[in-house]
């Protein structure tokens, strides 16, 4: 009998600009815990309307003093996060695909990974 393991693909964008972004494979059965660990607390979702992506960030990132995440803020602005004007992202983030019809988190598709890594590679 063959067991198939499905993972959820995400893009990790650290606030520390000296650290590289990473495409990560996450276990969907522990996704919430993985996202909370990644962002260092409870998650908030910033929907990136242009590409139907969701950026997961720490909901208290700014008030807890997490550092400004320039790359995530640029991504959010360019992919039409509704709060981008005059706002910014603080702390590490994870970007996933938008939810399916049932509201479940979806991983990035190969095309979305290509799009996101292309955007990341252009941010100076």
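Numbering (the numbering used here), first residue to last: 14 to 137.
Cβ coordinates follow ideal geometry from the N, Cα and C atoms, glycine included.
- Nearest neighbour of residue 84 by Cα position, chosen from 124, 44, 48 and 68, turns out to be 68.
- With a minimum length of 3 residues, the unbroken runs of beta strand (DSSP E) contained wholly in the region 62-96 fall at 66-71.
- Assigned with DSSP and collapsed to three states, residue 110 falls in strand.
- Residue pairing by DSSP puts residue 119 in a beta bridge opposite 110.
- In its chain, beyond the 5 residues on either side, 71, 72, 73, 74 and 77 have a beta carbon closer than 8 Å to the beta carbon of residue 54.
- With fewer than 16 neighbouring CB atoms inside 10 Å of its own CB, residue 115 falls in the exposed class.
- With respect to the 7 Å criterion, residue 108 and residue 24 are classified as neighbours on the basis of their beta carbons.
- Taking the C-beta atoms as reference points, residue 52 is found no nearer than 7 Å to residue 126.
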